[in-house]
Amino acid sequence: MTDVLIVGSGPTGLTLACELALGGASVRVIEERTAPHRESRGKGLWPSSLEVLEGLGVAEPLRAVGSSEVVLRKYFDGAHVNDTPMPGSGLLIGQWQIQEALRDRLAGLGVRVEYGSRLAGIAQDAAGVRAELADGTVIGARYLAGCDGGRSTTRKLLGIPFEGSGEEEPAMVIGDVRAPGLSRDFWHQWFTSEGGGILLCPMPGTDTFQLQAPPEQDERGGLLPPSLESFQRLFDRHARMPGIRLADATWLSAWRVNVRMATRIREGRVFLAGDAAHVHPIAGGLGMNTGIQDAAALSRTLAAALAGRAGQEVLDAYEAERLPVAAEVLADTSRRYERVMAAVRTPGRGTEAGLD
Ligand SMILES: Cc1cc2nc3c(=O)[nH]c(=O)nc-3n(C[C@H](O)[C@H](O)[C@H](O)COP(=O)(O)OP(=O)(O)OC[C@H]3O[C@@H](n4cnc5c(N)ncnc54)[C@H](O)[C@@H]3O)c2cc1C
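Just so we're aligned, residue 2 is where the sequence shown starts under our numbering, counting upward by one.
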């Protein structure tokens with residue numbers, strides 16, 4: 002029987018796995034994907050997360066690739082307005098690179114992510130947890146951590162409500178693209194008086210930009226899905242730089258506003274962490290960062306429990322610490338999102354309004 006079975010190999014699950022393995026626990030990490038992704042997604046580490054990663058010995062390789070001095074170049078109606086430094090002392094780096102560094106560290110500790118393994122069922126008693134995978138395999142563990150993202154199977158299997166609100170329609174299309182000829186010295190942010198805009202952020206250690214924009218509409222007001230062609234039309238309309246042709250979309254996605262959190266994050270020997278426990282607006286860049294902090298807190302609770310101090314208050318410590326944080330992050334990021342939406346109507350303002 003393994004000490005801890007971790008479901009999901011995103012930044013939350015991998016941070017937790019490294020923390021526990023470094024502390025000497027036996028861990029297994031299962032992942033439904035068949036291979037790692039290379040999507041930029043969460044692209045910023047704040048100092049408190051860097052501190053956690055420092056303790057795991059993965060901050061140095063990330064600092065070597067990431068950028069700590071990011072300049073936001075703002076344009077309005079196609080004209081350059083100003084260049085401003087990104088506030089705060091974070092590190093710009095793609096989420097896939099963070100996950101890669103954590104996976105490498107974990108492999109060095111003798112643990113490899115088990116790809117193509119999807120959690121499908123959970124049973125537990127006083128002695129441990131039995132996790133059933135989609136292929137019928139059963140894994141026994143003393144504890145299970147559901148780090149399986151916003152649509153968390155773990156949370157659904159436990160019947161834990163995910164309370165809050167969500168929008169049906171995407172607020173943004175997102176992707177990773179190349180933009181030959183566009184300067185990589187700036188996070189370009191174009192906004193227009195008609196409303197809307199487009200953002201292209203150069204991702205360190207790659208030749209791609211992360212693109213974010215409100216989706217295109219068809220003649221009846223319906224929203225168009227993300228595609229390279231749609232990205233180019235949005236770029237032509239807002240950036241007005243006819244020489245730039247976007248190319249090689251390696252990731253296409255759509256993002257919906259969801260402000261939800263689990264009503265509890267422990268059920269017996271099973272815990273929830275990261276997006277499985279809370280989802281919220283991306284303004285302020287707090288999603289992955291909050292998941293990394295959840296993982297650090299959960300590793301402390303599990304280390305105490307595995308050391309034989311598994312009294313009720315030890316197991317409850319994680320929820321007592323992190324549930325109020327999740328509630329505050331939901332409220333805080335909702336305010337930040339509103340500030341950004343209001344700020345971008347003013348020439349010279351951009352996503353830094355979410356970091357005030
Ligand atoms: C455009 C964009 C920008 C963002 N910017 C930022 C930012 O700047 N800063 C920030 O902190 N955050 C940011 N985020 C949010 C961040 O990406 C998420 O908060 C983060 O991915 C959450 O990590 P996680 O490990 O909890 O979940 P995920 O990364 O979702 O990982 C969950 C994993 O579980 C696996 N899984 C799911 N179900 C199962 C199952 N049944 N069995 C096995 N495996 C399963 C999934 O395949 C996945 O690999 C951004 C997100 C987007 C889309």
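Even for Gly, the Cβ is constructed at its ideal location relative to N, Cα and C. From a predicted model like this one, the values you see are computed outputs, not experimental measurements.
Is residue i helix, strand or coil by DSSP?
| i | result |
| --- | --- |
| M173 | strand |
| S335 | helix |
| D105 | helix |
| E168 | coil |
| A250 | strand |
| M395 | In the structure as shown, the chain starts at 2 and stops at 357, and residue 395 therefore has no counterpart that could be examined. |
| L63 | helix |
| H38 | coil |
| F236 | helix |
| K44 | coil |
| R267 | strand |
| S153 | coil |
| S10 | coil |
| R221 | coil |
| T207 | coil |
| R113 | coil |
| G198 | strand |
Looking at C-alpha atoms only, which residue of the options is the closest neighbour of residue i?
| i | options | result |
| --- | --- | --- |
| D74 | E164, W188 and Y144 | The sequence given here has Arg at residue 74, not Asp. Among E164, W188 and Y144, the Cα nearest to that of R74 is on W188. |
| V114 | T16, P216 and A284 | T16 |
| A22 | R346, S300, G312 and G176 | S300 |
| R39 | V72, P205 and C19 | P205 |
| G111 | R131, V258 and R29 | R29 |
| D219 | Q213, R234 and F210 | R234 |
| R337 | A128, L92, V8 and P282 | P282 |
| E164 | A296, G45 and A277 | A277 |
| G141 | D126, S153, H239 and M242 | D126 |
| P171 | R257, A354 and D357 | R257 |
| T334 | P348, Q313, A321 and N290 | N290 |
| D186 | P162, E70 and E217 | E70 |
Could you pull out every residue in the same chain whose Cβ sits closer than 6 angstroms to the Cβ of residue i, ignoring the five residues on either side in sequence?
| i | result |
| --- | --- |
| D249 | R179 |
| A318 | T302 |
| L183 | I245 |
| A135 | R119 and A121 |
| H279 | M262 and A327 |
| L253 | G176 and P227 |
| G275 | T13, C148, G292 and D295 |
| G117 | T35 |
| W191 | Y76, G198, I199, H239 and A240 |
Taking buried to mean at least 16 other C-beta atoms within 10 Å of its own C-beta, is residue i buried or exposed?
| i | result |
| --- | --- |
| H81 | exposed |
| S50 | buried |
| D149 | buried |
| M87 | buried |
| D84 | exposed |
| I167 | For clarity, residue 167 is Gly in the given sequence; the question names Ile instead. It is exposed - the Cβ of G167 has fewer than 16 other Cβ atoms within 10 Å. |
| E32 | buried |
| R221 | exposed |
| A128 | exposed |
| D78 | exposed |
| T35 | exposed |
Can you list, in chain order, the residues of its chain whose CB lies under 8 angstroms from that of residue i, leaving out five sequence neighbours each side?
| i | result |
| --- | --- |
| L57 | T16, C19, E20, L23, L103 and R106 |
| I123 | V130, R131, A132, E133, L145, T155, L158, L159 and V271 |
Near residue i, what residues of its chain come up, given a Cβ to Cβ distance below 7 angstroms and the 5 sequence neighbours on each side ignored?
| i | result |
| --- | --- |
| R323 | I266, D295 and A298 |
| L224 | E170, P171, P216 and Q218 |
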